[in-house]
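Peer 1: Input: one structure, supplied below.
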Amino acid sequence: MSALEDRNALREQLKRHEGYRRFPYLDTVGKRTVGYGRNLDDVGIREHEAAYLLSGDITNAIQDLVTRYPWFERLDPVRQAVLVNMGFNLGATKLAGFKHTLACIERGQYGEASKRMLDSLWAQQVGNRAVELAAQMRTGVWQF
178 MSALEDRNAL REQLKRHEGY RRFPYLDTVG KRTVGYGRNL DDVGIREHEA
228 AYLLSGDITN AIQDLVTRYP WFERLDPVRQ AVLVNMGFNL GATKLAGFKH
278 TLACIERGQY GEASKRMLDS LWAQQVGNRA VELAAQMRTG VWQF
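So this is what it looks like as structure tokens:
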């Protein structure tokens, strides 16, 4: 029986031998490694793997926003996407620091929220991303 004929047995054996590591670490020869022995220095991650991780990260960001801000689900999908994008970029704790912006969004004051987004250190740091997301917040229309 070849390894290709019994991938499940091989997978389980590799999992047992490699062990799972949630966070990157240096392996025995100094290579950054994560998961079940993925050599990030030499192999990295493939685009479909990055897309899979992104999908999970989007789900996590949405769940966090729904939990933290009960009014999030009342927003239209375009404005929800702005907050997901910002949360993805900043992390939940730093997004929570946008207290006045979030209060404006909760009240439906999207123009004011847009101005506050642009008048932030974050906007200076991310440039066009902030301009695009602020326009999206103001208009409720996807910006591409």
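Start counting the sequence shown at 178; every next residue gets the next number (our numbering).
Quick reminder that beta carbons are idealized off the backbone N, C-alpha and C, glycines included.
1. On the three-state DSSP scale, how would you describe residue 261?
2. Excluding the 5 residues flanking residue 312 on each side, which residues of the same chain have their C-beta closer than 6 Å to its C-beta?
3. Relative to the C-alpha of residue 237, which candidate in 197, 268 and 290 has its C-alpha closest?
4. Between the segment 212-223 and the segment 238-258, can you find at least three pairs of beta-carbon atoms closer than 8 Å?
5. Note down, in chain order, each residue of its chain lying with its Cβ closer than 6 Å to the Cβ of residue 201, except the 5 sequence neighbours on either side.
6. Check the C-beta distance from residue 214 over to residue 189 and give it rounded, since I have them as a contact under 8 Å.
7. For residue 211, write down the residues that DSSP places opposite it in a beta bridge.
8. Quick one: is residue 203 buried, meaning 16 or more other Cβ sit within 10 Å of its Cβ, or exposed?
9. From residue 314 to residue 232, what does the alpha carbon distance come to, in whole angstroms?
10. Go ahead and label residue 243 buried or exposed: buried means 16 or more other beta carbons lie within 10 angstroms of its beta carbon, across all protein chains shown.
11. Just to check, is the beta-carbon of residue 319 closer than 7 Å to a non-hydrogen atom of the ligand SAH?
12. Grouping DSSP H, G and I as helix and E and B as strand, with all else coil, what is residue 246?
13. Using three-state DSSP, classify residue 180 as helix, strand or coil.
14. Please classify residue 298: does DSSP put it in a helix, a strand, or coil?
Peer 2: Answer, in terms of the structure:
1. Indexing the sequence shown from 1 puts residue 261 at position 84. In this structure, residue 261 counts as helix in the three-state DSSP scheme.
2. Residue 312 sits at position 135 when you count from the first residue of the sequence shown. Closer than 6 Å at Cβ, skipping near neighbours: 320.
3. Here residue 237 refers to the residue found at position 60 of the sequence shown. With distances taken between Cα atoms, residue 237 lies closest to 268.
4. no
5. As a working mapping, residue 201 is identified with position 24 in the sequence shown. Excluding residues within five positions, the ones whose Cβ falls inside 6 Å are 209 and 211.
6. One-based indexing of the sequence shown puts residue 214 at position 37. One-based indexing of the sequence shown puts residue 189 at position 12. Wrong, their Cβ atoms sit about 14 Å apart, outside the cutoff.
7. As a working note, residue 211 is residue 34 in the sequence shown. 215.
8. Here residue 203 is taken as the residue at index 26 of the sequence shown, counted from 1. Answer is exposed; the Cβ neighbour count stays below 16.
9. Stepping through the sequence shown from its first residue, residue 314 is reached at position 137. Stepping through the sequence shown from its first residue, residue 232 is reached at position 55. Using only the alpha carbons, I get a separation of about 22 Å.
10. Against the sequence shown, residue 243 aligns to sequence position 66. Counting Cβ neighbours within 10 Å, residue 243 comes out exposed, since fewer than 16 surround it.
11. Among the ligands in the structure shown, none appear at all, so the ligand SAH cannot be discussed.
12. As a working note, residue 246 is residue 69 in the sequence shown. Of the three classes helix, strand and coil, the one that applies to residue 246 here is coil, per DSSP.
13. Here residue 180 corresponds to residue number 3 of the sequence shown, with the count starting at 1. Because residue 180 carries a pLDDT of 48, less than 50, the predicted location of this residue cannot be relied on, and no value is offered for it.
14. Taking the sequence shown and counting its residues from 1, the one referred to as residue 298 is at position 121. In the structure shown, residue 298 sits in a helix (DSSP, three-state: H, G or I).
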